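**Q**
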Amino acid sequence: MGNDDKLSRRSLMTRLLAGVSLVMLSGCEKLSETTWFPKVLGLGEKATYKIQRLVLSRKAMAQEFTENDVSPHFRSNGTSMPNNPTYRKLAAKGFKHYRLEVGGLVEQPMYFSLADIRRLPSRTQITRHDCVEGWSAIGMWKGARLSALLEEVKLKPNARYIVFHCADPMEEDGSSPYYESIDLEDAFHPQTILAYELNGKPLPIPNGAPLRLRLERQLGYKMAKYVMRLEIVEDFFRIAGGNGGYWEDKGYEWYAGI
Amino acid sequence: MSVGIMHFRNAVLRATLLMKRINETICGWLRKLWKYLSSAASGGYPYYRHSLPVRIMHWCNVVFLATLLMSGLNIFDAHPALYWGKQSYSGAPPVLELQGKEDDEGDISVGVTRILGHEFNTTGFLGASRDSEGELTERSFPSWLTIPNNRWLSMARHWHFFIAWLLVVNGITFVTYSIVSRHLHRDLVPTKQDWLSIGRAIIDHLRFRHPKGEAAKRYNVLQKCAYLAVIFFLLPLMILMGLGMSPALNALSPGWVDIFSGRQSIRTIHFVVAWALVLFVIIHVFMVIITGFWNNLRSMITGYYRVESEVDHG
């Protein structure tokens, strides 16, 4: 076998290898920009949701910690002071005039003052907050059980999701208010609370005063801060971008269990 | 009208010619490739070393592990610091931190890597690297090493978790296949003789003397140990540490993540094991190259390894 032949074979194979890796690298970029490929990738989220729900029992509890584990300073991420005049007026008066509106697919639409919320059965829990970015912080939360609140307003039979409408606009011009949604399995979980206290003190504004959701088996962005209104719905396709949350509309997973 | 038809005919003719030329080129390449891959060169004989399922799963792993690493580095970039313990804000500093530092004018000018309080200047690679416009920007890893190239946490997560499922399916298939086909016991589990000769194998490896001829038909003991460690220790640990970061799976048995000192330690272990796998791949590819790159590569593509006559190389 001639030397030339061997060389050309090698250069052929090298070119092939280089070609394959180049196609892979530039292909990955192009694929992310298409509309169909992220949908294929989205199958991963569906599989994760189905399988995590399958292996976890409905009432499986998130780990709880001791007071020694509490972070000295609980990090505030995203909004730390909503750019919203109505909210700022409420905050200036110590949320005395705050009313949580609960409506949608309920038998009894209601408004709850903070005092009403505090009268609901409560739960105190020291839990770990896991941000989608990768960091974790531990805090002690006290709040009203969401299940107790939902029992007061009585869900209609076709109710499937709870949508949390928030006071913090995500755009500088004051548009795109933050919102989130959870399913009923999570809504009726014992650790799912509307928190009004952090580490024994009234919930600070950077952490979502006067009320924030705690949803301990999912990532931080699901736990809406500055909650103003709960809307109970059958589906969320007609709300904002239609994906069930502000970050979901930006491409993040609706199911944030991992 | 007739001018239009003329143009059309010319275009069709040109296209046909082009197609023909492309076709010939591709066929030529394929012929060469086939000739190369199927050739049993002089002084040896072809030996069927890797079964088709093993070859397919091997190349799947190449693609999956590469994309997982690259999307993982993009995810890391969303919070480029690692901690030991249950949380990130206990007051203890991070064990590893990558950072871009600004100069007086507010431009990123230095990339810094901080390990256990020791600071290293890693400008251009870690902490700060050049973007597509050549501008130095704060990036924990350079954009050519991440999927997607730019900072895009949500897309990187979609890639990572989708491919992770494929890796798991591939892994389960491989282990099942290996047990059922006896690939595991026949080719991967070291024999008694392997264990007895391990000292010699280590010395031989250090001297870069590698099995040739008949002996290259099967894995040597160090090779077996390395593969078994990756298949049954590193990859399962990697997946377990990935699942350990899931707030939902933390609820599976509250507190199980504390076996590994908590969620942030798990994130750190996930990162370290990723680089342990990279180290394995580097050594693996190095060994493939020095023990006959083209022969090894071909055996993982066609299955056939050319056993050279030992007289030539004795």
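Protein sequences, first through last, are from chains X and B.
The first sequence: position 206 = 205 (numbering that gives the first Met the number 0), numbered continuously.
The second sequence: position 217 = 216 (numbering that gives the first Met the number 0), numbered continuously.
From the three backbone atoms N, C-alpha and C, an ideal C-beta is built for every residue, glycine too.
Small disclaimer: the values here were computed from a predicted structure and weren't measured.
(1) Name the chain B residues whose beta carbon is nearer than 8 Å to that of Met238 of chain X?
(2) Using a cut-off of 9 Å between C-beta atoms, extract the partners of Ala61 of chain X located in chain B.
(3) With distances taken between CB atoms, is the gap from Ser89 of chain B to Gly256 of chain X smaller than 7 Å?
(4) Exposed or buried, what is Asp106 of chain B when buried is set at 16 or more other beta-carbons lying within 10 Å of its beta-carbon?
(5) Answer with buried or exposed for Pro71 of chain X, where buried requires no fewer than 16 other C-beta atoms within 10 angstroms of its C-beta.
(6) Going by the beta-carbon positions, is the gap between Arg48 of chain B and Tyr304 of chain B smaller than 7 Å?
(7) So which residues on chain X does Ala77 of chain B lean against when the C-beta distance must stay under 8 Å?
(8) Grab me the residues of Ser146 of chain X's own chain with a C-beta within less than 6 Å of its C-beta, minus the 5 sequence neighbours each way, in chain order.
(9) I want to verify the contact list: residues of chain X whose CB lies under 7 Å from the CB of Asn148 of chain B, in sequence order.
(10) Between which two residues does the beta strand (DSSP E) holding Gly142 of chain X run?
(11) Taking one C-beta from the region 157-177 of chain B and one from the region 130-145 of chain B each time, how about it: are there three or more such pairs within less than 8 Å?
(12) Along chain B, in chain order, which residues have C-beta atoms closer than 8 Å to that of Ala186 of chain X?
(13) Quick one: what's got a C-beta closer than 7 Å to Asp186 of chain B's C-beta in the same chain, skipping five residues either side?
(14) In three-state DSSP terms, what is Gln107 of chain X?
(15) Leaving out five residues on either side along the sequence, give the residues of the same chain with a beta carbon under 8 Å from the beta carbon of Leu202 of chain X.
(16) When the cut-off is 7 Å and only beta carbons count, does Phe63 of chain B lie next to chain X?
(17) Roughly how many whole angstroms lie between the Cα atoms of His209 of chain B and Leu296 of chain B?
(18) Would Leu12 of chain B pass as an interface residue toward chain X - the criterion being a Cβ-Cβ separation below 7 Å?
(19) According to DSSP, is Val131 of chain X helix, strand or coil?
(20) Could you compute how far the alpha carbon of Leu115 of chain B sits from the alpha carbon of Phe232 of chain B?
(21) Could you spell out the range, first to last residue, of the beta strand (DSSP E) harbouring Asp182 of chain X?
(22) Count the other CB atoms within 10 Å of the CB of Gln192 of chain B; is the residue buried (16 or more) or exposed (fewer)?
(23) Using beta carbons (cut-off 7 Å, strictly below), is His312 of chain B in contact with chain X?
(24) Below 8 Å CB to CB, which residues in the same chain sit around Ser121 of chain X once its five sequence neighbours on both sides are set aside?
(25) Terminal residues of the continuous beta strand (DSSP E) containing Ala166 of chain X?
(26) With DSSP run on the structure shown, which of helix, strand or coil describes Phe119 of chain B?
(27) Can you name, in chain order, every residue of its own chain whose Cβ lies under 6 Å from the Cβ of Asp129 of chain X, other than the five neighbours on each side?
(28) When you compare only the Cα positions, how much space is there between Leu148 of chain X and Met109 of chain X?
(29) Nearest chain B C-beta to Ala223 of chain X closer than 7 Å, yes or no?
(30) By how many angstroms is the C-alpha of Arg216 of chain X removed from the C-alpha of Ala39 of chain B?
(31) From which residue to which residue does the alpha helix (DSSP H) around Lys92 of chain X run?
(32) Which class does Leu81 of chain B belong to by DSSP, given the choice of helix, strand or coil?
(33) Check each candidate in X:Glu179, X:Ala91, X:Asn157 and X:Phe163 and name the one with the smallest Cα separation from Glu252 of chain X.
(34) Going by beta carbon distance, what residues of the same chain come within less than 6 Å of Asp167 of chain X, once the five residues before and after it are set aside?
**A** So, to answer that:
(1) Here the question's residue 238 of chain X lines up with position 239 in the first sequence. Inspection of the sequence shows that residue 238 of chain X is occupied by Ile rather than by Met. Residues of chain B passing the Cβ test: none, with the nearest at roughly 19 Å.
(2) For the purposes of this step, residue 61 of chain X is taken as residue 62 along the first sequence, with counting starting at 1. Below the 9 Å Cβ cutoff, chain B contributes Pro246, Ala247, Asn249, Ala250 and Pro253 as neighbours of Ala61 of chain X, in chain order.
(3) As a first step, residue 89 of chain B is located in the second sequence; it is residue number 90 there, counting from the start. As a first step, residue 256 of chain X is located in the first sequence; it is residue number 257 there, counting from the start. No, Cβ-Cβ distance for Ser89 of chain B and Gly256 of chain X is not below 7 Å.
(4) For the purposes of this step, residue 106 of chain B is taken as the residue at position 107 of the second sequence. It counts as exposed.
(5) For the purposes of this step, residue 71 of chain X is taken as residue 72 along the first sequence, with counting starting at 1. With fewer than 16 other Cβ atoms within 10 Å, it is exposed.
(6) What you label residue 48 of chain B is simply residue 49 of the second sequence in a count that begins at 1. What you label residue 304 of chain B is simply residue 305 of the second sequence in a count that begins at 1. Yes, these two residues count as a Cβ contact at 7 Å.
(7) Along the second sequence, one-based indexing puts residue 77 of chain B at 78. Neighbours of Ala77 of chain B on chain X, chain order: Val131, Glu132 and Gly133.
(8) Position 147 of the first sequence holds residue 146 of chain X. So the qualifying residues of the chain are Phe187.
(9) On the second sequence, residue 148 of chain B is found 149 positions in, with the first residue counted as 1. For the C-beta of Asn148 of chain B, the chain X residues within less than 7 Å are, from N- to C-terminus, Glu28.
(10) Position 143 of the first sequence, counted from the first residue, corresponds to residue 142 of chain X. Per DSSP, Gly142 of chain X belongs to the beta strand (DSSP E) from Ser135 to Arg144.
(11) no
(12) Here residue 186 of chain X corresponds to residue number 187 of the first sequence, with the count starting at 1. Listed along chain B, no residue sits closer than 8 Å to Ala186 of chain X by beta-carbon distance, the nearest being about 15 Å off.
(13) Counted from its first residue, the second sequence places residue 186 of chain B at position 187. Cβ neighbours of Asp186 of chain B beyond the five flanking positions: Arg217 and Tyr218.
(14) Here residue 107 of chain X is taken as the residue at index 108 of the first sequence, counted from 1. In this structure, Gln107 of chain X counts as coil in the three-state DSSP scheme.
(15) Taking the first sequence and counting its residues from 1, the one referred to as residue 202 of chain X is at position 203. Hits under 8 Å: Ala194, Tyr195, Glu196, Ala208, Pro209, Leu210 and Arg211.
(16) For the purposes of this step, residue 63 of chain B is taken as residue 64 along the second sequence, with counting starting at 1. Not one chain X Cβ lies under 7 Å of Phe63 of chain B.
(17) As a first step, residue 209 of chain B is located in the second sequence; it is residue number 210 there, counting from the start. As a first step, residue 296 of chain B is located in the second sequence; it is residue number 297 there, counting from the start. Straight-line Cα distance between these residues: approximately 17 Å.
(18) Within the second sequence, numbered from 1, the residue matching residue 12 of chain B stands at position 13. No, its Cβ sits nowhere closer than 7 Å to a Cβ of chain X.
(19) For this step, residue 131 of chain X is matched to residue 132 along the first sequence. Annotated three-state conformation of Val131 of chain X is coil, per DSSP.
(20) Here the question's residue 115 of chain B lines up with position 116 in the second sequence. Here the question's residue 232 of chain B lines up with position 233 in the second sequence. Their Cα atoms are separated by approximately 27 Å.
(21) For the purposes of this step, residue 182 of chain X is taken as the residue at position 183 of the first sequence. Where Asp182 of chain X is concerned, the enclosing beta strand (DSSP E) stretches over Pro176 to Asp182.
(22) Position 193 of the second sequence, counted from the start, is the residue given in the question as residue 192 of chain B. Result: exposed.
(23) To locate residue 312 of chain B, count along the second sequence from 1; it is residue 313. Note that His312 of chain B scores a pLDDT of 43, beneath 50, so its modelled location is shaky; the value from the coordinates is reported in the next line. With 7 Å as the cut-off, His312 of chain B does not count as an interface residue toward chain X.
(24) By one-based count along the first sequence, residue 121 of chain X stands at place 122. Closer than 8 Å at Cβ, skipping near neighbours: Lys141, Gly142, Ala143, Arg144 and Ile192.
(25) As a working mapping, residue 166 of chain X is identified with position 167 in the first sequence. Tyr160 to Pro168 is the span of the beta strand (DSSP E), which, as asked, contains Ala166 of chain X.
(26) For the purposes of this step, residue 119 of chain B is taken as the residue at position 120 of the second sequence. Residue state, collapsed to three classes: strand.
(27) Numbered from its first residue, the first sequence carries residue 129 of chain X at position 130. Closer than 6 Å at the Cβ level, and outside the excluded window around Asp129 of chain X, lie Ser135 and Leu218.
(28) Working through the first sequence from its first residue, we reach residue 148 of chain X at position 149. Working through the first sequence from its first residue, we reach residue 109 of chain X at position 110. Rounded to the nearest whole angstrom, the C-alpha separation of Leu148 of chain X and Met109 of chain X is 10 Å.
(29) Taking the first residue of the first sequence as position 1, residue 223 of chain X is located at position 224. No, its Cβ sits nowhere closer than 7 Å to a Cβ of chain B.
(30) Locating residue 39 of chain B in the second sequence gives position 40, where the first residue counts as 1. Locating residue 216 of chain X in the first sequence gives position 217, where the first residue counts as 1. For Ala39 of chain B, the pLDDT reaches just 46, beneath the cut-off of 50, and the residue's location in the model is therefore unreliable, although a value from the coordinates is still provided. Their Cα atoms are separated by approximately 59 Å.
(31) By one-based count along the first sequence, residue 92 of chain X stands at place 93. No alpha helix (DSSP H) contains Lys92 of chain X, which DSSP labels as neither H nor E.
(32) Position 82 of the second sequence holds residue 81 of chain B. Looking at Leu81 of chain B - three-state DSSP - the assignment turns out to be strand.
(33) The sequence position of residue 252 of chain X within the first sequence is 253, counting from 1. Of X:Glu179, X:Ala91, X:Asn157 and X:Phe163, the residue nearest in Cα terms is X:Glu179.
(34) Residue 167 of chain X sits at position 168 when you count from the first residue of the first sequence. Within the same chain, Cβ atoms closer than 6 Å to the Cβ of Asp167 of chain X are found at Thr78, Pro81, Tyr177 and Tyr225, the five residues on either side in sequence being excluded.
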